[in-house]
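Trainee: Below you will find the structure I want to go over with you.
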Amino acid sequence: MLRWWARIDGKAGYYTGMVSHIAKPLAGPVLGVETSCDETGVAVFDTARGLLAHTLYSQIRMHADYGGVVPELASRDHVRKLLPLVRETLARAGIGVRELAGVAYTAGPGLVGALLVGAAAARALAWALEVPAIGVHHMEGHLLAPMLEADPPQPPFVALLVSGGHSMLVEVAAIGRYRLLGDTLDDAAGEAFDKTAKLMGLPYPGGPALAALAGTGRPGAFRFARPMTDRPGLDFSFSGLKTQVLLAWQASDRSEQTRADIARAFEEAIVETLAIKCRRALAATGARSLIVAGGVGANRNLRAALAEAGQREGFRVAFPRLEFCTDNGAMIAYAGALRLAAGQRQDTEIEVRPRWPLEELPPLAAAAASA
Ligand code: KG4
Ligand code: ZN
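Each number in the working numbering corresponds to the 1-based position in the sequence shown with 190 added.
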């Protein structure tokens, strides 16, 4: 299968991983740039001093008029916001641009135009400063976000990555050694939240709005299936659930209370389905720790259900703080700093991968060993 990828020079071809070569390990502040979708995120992370600063600009209000992300508008807005945010983040970190030891940017997966804005700016900055750069996998960023918290979990663990574009269960043997245990066959969990919210008339982005509405729903008023939990396996499918909601909504009185009742039943179905699969993944791998990340990881009922299951069944559950569940620059600065510290580098080509399997990433330890 030919994997599609883009380079600024227009050349295309096979590509098996973003790491171009291995060099001497790097220490010092690393700038992280996230522009894969509708959030411009910038941060500075130093492996010795921790997270020094982070800033975020969300385009949500601009896309809300269209009911979803408009890729061309997203790219243009990243162009407008990125450099001012870089200046502000460096000022907050209390460092000058020349003190940066490296630059990390999201190289995929994501919207190609949006990715290219961050990649071009970050790569140009690294070239001008004569410091190394690294392209970061967006989902590795999410996966490592819990590591920014105190007392971070150590691999091996299972990661539940639930965002607007992905629903994955991943076995993490070590940082950079990822095995996909389960994936979505159709809609991602966040996408299911967003589409379900939209069909009941809630504004974009629907996930947080639907979750807030669920809080006033009455328990037991509706009940939806827990998709694919009645058979073995760790894959997900959420599009049938969306159809169930549509049918229930169309047949209902469409009152505010009914909307809240349906939202509650929908959220319960997603949360329980995710919790069942997480417990199965832990049993299948023998891991005793679960990390949960990505935008849907901000869902309070999901966090509570998994924390409770962990207490009951004796496994540890770790989450990022709420603001690092959704897209942010801190997770990219962190993941990039780790890979740069392990001696991994990008050459000067500007390349992004809108599709990029997580399993193709090189392990961190092997890179360090061969540095
Ligand atoms: O990770 P993220 O910011 O972007 C992607 O990489 O996709 O995730 C965004 C997704 C959206 O689908 C949004 O509706 C969902 O996360 N989301 C939530 C909540 N907060 C964000 N879904 C359910 N409950 C929430 N509290
Ligand atoms: Zn994301």
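By construction, the Cβ of each residue, glycine as well, lies at the ideal position given by its N, Cα and C atoms.
For TYR256 and THR230, I'd like the C-alpha separation in whole angstroms.
Mentor: 19 Å
Trainee: Select from GLY325, ALA304, LEU290 and GLY300 the residue whose C-alpha is nearest the C-alpha of ALA318.
Mentor: LEU290
Trainee: Between the beta-carbon of GLU446 and the beta-carbon of ALA404, is there less than 7 Å?
Mentor: no
Trainee: Closer than 5 Å between the C-beta and any heavy atom of ligand 1: which residues qualify, listed along the chain?
Mentor: SER353, GLY354, GLY355, GLY380, PHE383, ASP384, PRO395, GLY397, PRO398, ALA401, GLY484, GLY485, VAL486, ALA488, ASN489, THR516 and ASP517
Trainee: Below 8 Å on the Cβ atoms is my contact criterion, and I expect ALA465 with PRO343 to pass it. Report the Cβ-Cβ distance as a whole number of Å.
Mentor: No, ALA465 and PRO343 are not in contact; Cβ-Cβ is about 18 Å, not under 8 Å.
Trainee: With DSSP as the reference, please indicate the residues paired to PRO219 in a beta bridge.
Mentor: ASP236
Trainee: Could you check whether LEU350 and VAL482 sit closer than 7 Å to each other, using their CB atoms as the reference points?
Mentor: yes
Trainee: Going by DSSP, which residues form a beta bridge with HIS327?
Mentor: GLY298
Trainee: What are the residues that DSSP puts in a beta bridge with SER248?
Mentor: GLU229
Trainee: Going by beta carbon distance, what residues of the same chain come within less than 8 Å of LEU301, once the five residues before and after it are set aside?
Mentor: SER226, CYS227, VAL259, PRO261, ALA264, SER265 and PRO544
Trainee: Would you kindly work out how many angstroms separate the C-alpha atoms of ALA363 and ALA471, rounded to a whole number?
Mentor: For ALA363 and ALA471, the distance between alpha carbons rounds to 13 Å.
Trainee: Which residues in the same chain as PRO552 place their Cβ atom closer than 8 Å to its Cβ, once the five residues preceding and following it in sequence are excluded?
Mentor: GLY207, VAL209, GLY366 and GLN534
Trainee: Can you name the start and end residues of the beta strand (DSSP E) that GLU361 belongs to?
Mentor: DSSP places GLU361 inside the beta strand (DSSP E), whose first and last residues are 357–364.
Trainee: Across the segment 232–241 and the segment 268–282, are there enough close Cβ pairs to call them in contact, namely three or more that are closer than 8 Å?
Mentor: Judged by Cβ distances under 8 Å, the segment 232–241 makes contact with the segment 268–282, as three or more pairs qualify.
Trainee: By how many angstroms is the C-alpha of GLU549 removed from the C-alpha of LEU480?
Mentor: Rounded to whole angstroms, LEU480 to GLU549 spans 18 Å at the Cα level.
Trainee: Count the other CB atoms, across all protein chains shown, that sit within 10 Å of the CB of ASP420; report buried if there are 16 or more and exposed otherwise.
Mentor: exposed
Trainee: Tell me whether the beta-carbon of ALA459 lies closer than 7 Å to the beta-carbon of LEU437.
Mentor: no
Trainee: Please classify ALA455: is it buried, with 16 or more other beta-carbons within 10 angstroms of its beta-carbon, or exposed?
Mentor: buried
Trainee: Please state the DSSP three-state secondary structure of SER479.
Mentor: strand
Trainee: With a Cβ-Cβ cutoff of 7 Å, do ILE540 and ALA238 count as a contact?
Mentor: no
Trainee: Could you say which of LEU333, THR433, CYS468 and ALA453 lies nearest to CYS515 if we only look at CA atoms?
Mentor: It is LEU333.
Trainee: Roughly how far, in whole angstroms, is the beta-carbon of MET337 from the beta-carbon of HIS356, given that I think they are within contact range, below 8 Å?
Mentor: In fact, because the Cβ distance is near 19 Å, the residues do not count as touching under 8 Å.
Trainee: Answer yes or no: do VAL360 and ALA477 have a C-beta to C-beta separation smaller than 7 Å?
Mentor: Here VAL360 is not near ALA477, since their CB atoms are 7 Å or more apart.
Trainee: With DSSP as the reference, label VAL507 as helix, strand or coil.
Mentor: It is a strand residue.
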